[in-house]
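The next block holds one structure in the form of structure tokens; read it before the comments.
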Amino acid sequence: MFRRAALLAVLQCLAGAPIAAQAATDLLTHAERTAFVETGRYAEVESLCRSYQQAYPTAVRCVEFGRTPEGRPMLAIVASQSGALDPAAARRRGLPVLLAQGGIHAGEIEGKDAGFIVLRELLAGRQAAGVLAKAVFVFVPVFNVDGHERFGAWHRPNQNGPREMGWRTTAQNLNLNRDYMKADAPEMRAMLGLLNAWDPIVYADLHTTDGADFQVDISVQVEPLFAGDAGLRPLGLALRDRALADLTAAGFVPVPFYPSFVKDDEPASGFENDVSTPRFSLAYWALHNRFGVLVETHSWKPYQRRVEATRDTL
Ligand SMILES: [Zn+2]
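Numbering-wise (my numbering), the sequence shown opens with residue 45 and increments by one.
This is the structure:
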């Protein structure tokens, strides 16, 4: 395989084909290569982080922002075509920052695969052309890295793919999406450092729900919207409704609330749309007068569809 790839590269150079085309195929994810049957291990995140930086040296930086209790690197990929690839430069230029994270619950991993696709499409100018010249995208493929590497087939029994996946909690058995206020986990302290450094205007946290089998593909919740700064709430509402409208236009069924019954196993109890407490990402980041976004795809939908819904949301 190596010899064939090397030969192709030589032929492309001789033919004057753009190197970027070769780079783009190297940036495919394991999920794409397996038709979304599988997701890659963390070694893939490490190699893609380096590969993106090599393919786009002026527009991408691969950053280690912490170490997990089991000694793995916590990685963020910073992408911007503005020249601002560090927090000070972004702040000086007044550039808006979007920080998106996959795998805070590592079994719910479409955020990782969707984010890599978004990164590739943005950098190649195939989606939202020009936006990276005016903004910074900070992508954390996997927040709960040690949990991601506790890999197995039955960690989320009601979930329709990938074939194997990570585990919900960290190696210290901490649930990161309950830890924003107390910051017990070293991973959380590293993430709070990253958030405080970049001060993203939008912080998107990418999950998968479980529970009953609904028609719904995905839910998108934004704060401030029901709570928080009164001046920001209309903007939060507009951000959420624009995302829902775009998802509907793309053929998905999105809802603006977390789709689980008020009482478990009692459909007649209905749904409620409320504001979480700040131990969760959504409300925590809203306390900073910035927008938290909680994205939840539906675990009964096939993995590819969940990745696509997450990609389109981003
Ligand atoms: Zn989750």
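Each residue gets a CB set at the ideal place from its N, CA and C atoms; glycine is no exception.
What residues are listed by DSSP as bridge partners for Tyr-247?
By one-based count along the sequence shown, residue 247 stands at place 203. Answer is Leu-143 and Gly-336.
Hey, out of Phe-335, Leu-326 and Asn-204, whose CA is closest to Asn-221's CA?
Here residue 221 corresponds to residue number 177 of the sequence shown, with the count starting at 1. Nearest option by C-alpha distance: Leu-326.
Classify Asn-188: buried if its beta carbon has 16 or more other beta carbons within 10 angstroms, exposed otherwise.
Mapped onto the sequence shown, residue 188 falls at position 144. That one is buried.
If you drop the 5 nearest sequence neighbours on each side, which residues of the same chain put their C-beta closer than 7 Å to that of Glu-165?
Position 121 of the sequence shown, counting from 1, holds the residue named residue 165. Contacts found: Gln-171.
When you compare only the Cα positions, how much space is there between Ala-177 and Ala-134?
Numbered from its first residue, the sequence shown carries residue 177 at position 133. Numbered from its first residue, the sequence shown carries residue 134 at position 90. So the two alpha carbons sit approximately 11 Å from each other.
Could you name the residues of the same chain whose beta carbon sits closer than 7 Å to that of Gly-159, not counting the 5 residues immediately before and after it, in chain order?
Counted from its first residue, the sequence shown places residue 159 at position 115. Closer than 7 Å at Cβ, skipping near neighbours: Ala-144, Gly-146, Phe-183, Pro-185 and Leu-358.
Consult DSSP for Leu-71 and reduce its assignment to one of helix, strand or coil.
The residue you call residue 71 lines up with position 27 of the sequence shown. Residue state, collapsed to three classes: coil.
Check whether the Cβ atoms of Gly-210 and Pro-346 lie closer than 9 Å to each other.
As a working mapping, residue 210 is identified with position 166 in the sequence shown. As a working mapping, residue 346 is identified with position 302 in the sequence shown. Against a cut-off of 9 Å, the Cβ pair of Pro-346 and Gly-210 comes out as no contact.
For the 8 Å Cβ check, are there 3 or more pairs between the region 335-355 and the region 249-258?
yes
Buried or exposed: where does Leu-72 fall if 16 or more other Cβ atoms within 10 Å of its Cβ makes it buried?
The count along the sequence shown starts at 1 and reaches residue 72 at position 28. Classification for Leu-72: exposed.
Inter-residue Cα distance where the pair is Trp-242 and Tyr-100
By one-based count along the sequence shown, residue 242 stands at place 198. By one-based count along the sequence shown, residue 100 stands at place 56. About 21 Å.
Between His-342 and ligand 1, is the CB less than 8 Å from at least one heavy atom?
As a first step, residue 342 must be located in the sequence shown, where it is residue number 298. With a threshold of 8 Å, the Cβ atom of His-342 does not count as near ligand 1, since no heavy atom of the ligand is closer than that.
Tell me which same chain residues have a C-beta within less than 6 Å of the C-beta of Pro-201, skipping the five on either side of it?
To locate residue 201, count along the sequence shown from 1; it is residue 157. Residues of the same chain with a CB within less than 6 Å of the CB of Pro-201, apart from the 5 flanking positions on each side, do not exist.
Could you pull the start and end residues of the alpha helix (DSSP H) that Phe-160 belongs to?
Walking along the sequence shown from the start, residue 160 turns up at place 116. Start and end: 154-167.
Can you name, in chain order, every residue of its own chain whose Cβ lies under 6 Å from the Cβ of Trp-344, other than the five neighbours on each side?
As a working note, residue 344 is residue 300 in the sequence shown. Counting only Cβ-Cβ distances below 6 Å, and skipping sequence neighbours, we find Asn-204 and Asp-257.
Out of Thr-102, Thr-341 and Asp-157, point me to the one whose CA is closest to Ser-304's CA.
Taking the sequence shown and counting its residues from 1, one reaches residue 304 at position 260. Ranking the options by Cα distance to Ser-304, first place goes to Thr-341.
Measuring only the C-alpha atoms, how far is Arg-350 from Phe-315?
In the sequence shown, residue 350 corresponds to position 306, counting from 1. In the sequence shown, residue 315 corresponds to position 271, counting from 1. Their Cα atoms are separated by approximately 22 Å.
Would you say the beta carbon of Asn-221 comes nearer than 8 Å to a heavy atom of ligand 1?
Working through the sequence shown from its first residue, we reach residue 221 at position 177. Under cutoff, so the answer is yes.
Residues bridged to Arg-111 [DSSP beta-bridge criterion]
The sequence position of residue 111 within the sequence shown is 67, counting from 1. Looking at the DSSP assignment, Arg-111 forms a beta bridge with Pro-117.
Rounded straight-line distance, which links the Cα of Thr-292 to that of Arg-323:
As a working mapping, residue 323 is identified with position 279 in the sequence shown. As a working mapping, residue 292 is identified with position 248 in the sequence shown. Going by the C-alpha atoms only, they are around 30 Å apart.
Determine the contact status of Glu-154 and Thr-321, defining contact as a CB-CB distance below 9 Å.
For the purposes of this step, residue 154 is taken as the residue at position 110 of the sequence shown. For the purposes of this step, residue 321 is taken as the residue at position 277 of the sequence shown. Against a cut-off of 9 Å, the Cβ pair of Thr-321 and Glu-154 comes out as no contact.
Could you name the residues, in chain order, whose CB is less than 5 Å away from a heavy atom belonging to ligand 1?
The set of residues whose C-beta lies within less than 5 Å of a heavy atom of ligand 1 reads, in chain order, His-149, Glu-152 and His-251.
For Gln-265, report the span of its beta strand (DSSP E) as first-last.
Counting from 1 along the sequence shown, the entry for residue 265 is found at position 221. Taken as a continuous stretch (DSSP letters only), the beta strand (DSSP E) holding Gln-265 covers 262-267.
Which residues share a DSSP beta bridge with Arg-105?
The residue labelled residue 105 in the question sits at position 61 within the sequence shown. Residue pairing by DSSP places Arg-105 opposite Val-122 in a beta bridge.
Hey, Leu-139 and Val-107: beta-carbon distance below 9 Å or not?
Sequence index remark: in the sequence shown, residue 139 carries index 95 (1-based). Sequence index remark: in the sequence shown, residue 107 carries index 63 (1-based). Their beta carbons are not under 9 Å apart, which means Leu-139 does not touch Val-107 by this criterion.
Do Phe-296 and Asp-356 come within 9 Å of each other at the CB atom, strictly closer than that value?
Your numbering for residue 356 matches position 312 in the sequence shown. Your numbering for residue 296 matches position 252 in the sequence shown. Contact flag set, yes.
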